[in-house]
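Per the working numbering, the very first residue in the sequence shown carries number 5; after that it's consecutive.
Glycine residues also receive a C-beta, built at the ideal position from the N, C-alpha and C atoms.
Below: one structure, written as structure tokens.
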Amino acid sequence: MKSELKNPLVLMLFCLMTGMFITISFLETPLKFQVPGITLPAALGLGKLMFGLSSKIQWGFLIVILILMSVSWKNYTKTDFIILAVIFLLLALEQFWMLPVLDSRVDLLSSGKALTPTPLHDYFIYSETAKALMFITAIILQFKRNTVQ
């Protein structure tokens, strides 16, 4: 069996996006709370800034990926487009529902208000984990197998 790429540019963009995403969501986020002397409001403000920027960058990557996949659509299966749709859906849920609510909570906490716990932060973590799995799956799916006789 021989392996071929469906579209090298799509693979490159998925790899870049996944690397950036994993670095921010799973490395920078927990590490900022380990920095000596950083205050909770500063760490939360940094998280708010980083997740907002990360979401915008992900939208850009995904739109370009969708365009490139559409141009070479014959190389892609229904599964490829379903994976992409799930990523778009998760990103939209985060961008338009979770992040605005979590951002307002950060603002309230930073101003000294006490808040009751909410499961929304857990939902966000689940969404980020699901996106990571979808990105990795999308990368794997960029390779197609051809039987050489």
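Q) Nearest-angstrom Cα distance between Ala26 and Ala118? A) The amino acid at residue 26 is misidentified as Ala; the sequence shows Ile. Straight-line Cα distance between these residues: approximately 31 Å.
Q. In terms of residue numbering, what span does the alpha helix (DSSP H) encompassing Ser114 cover?
A. Leu103 to Ser114 is the extent of the alpha helix (DSSP H) around Ser114.
Q: Provide the residue span of the alpha helix (DSSP H) that contains Phe36, from first to last.
A: Checking the displayed sequence, the identity of residue 36 turns out to be Lys instead of Phe. Looking at the DSSP string, the run of the alpha helix (DSSP H) that includes Lys36 is Thr33 to Lys36.
Q.
Please give the ranges of any alpha helix (DSSP H) in the stretch 71-106, keeping only runs that are unbroken, at least 4 residues long and fully inside the region.
A. 82-97
Q) Going by beta carbon distance, what residues of the same chain come within less than 6 Å of Phe128, once the five residues before and after it are set aside? A) Met102
Q | Element boundaries [alpha helix (DSSP H), containing Lys135] | A | Leu124 to Ile144
(Q) Tell me which residues share the same chain as Leu112 and place their Cβ nearer than 8 Å to its Cβ, disregarding the 5 neighbours each side in the sequence. (A) Leu119
Q: Determine, using beta carbons only, whether Ser131 and Leu94 come nearer to each other than 8 Å.
A: Between Ser131 and Leu94, the gap from beta carbon to beta carbon is short of 8 Å.
Q.
Taking only three categories from DSSP, how would you classify Leu17?
A. helix
Q. Among Gly49, Phe65, Ser108 and Leu50, which one has its Cα closest to the Cα of Phe139?
A. Phe65
Q. Who pairs with Lys148 in a beta bridge, going by DSSP?
A. For Lys148, the pairing in a beta bridge is given by DSSP as Glu8.
Q.
Could you tell me the alpha carbon to alpha carbon distance between Gly51 and Thr33, rounded to whole angstroms?
A. 7 Å
Q) Rounded C-beta distance between Ile86 and Leu145? I'm assuming under 8 Å. A) Not quite, the Cβ-Cβ distance comes to about 10 Å (not below 8 Å), so this is no contact.
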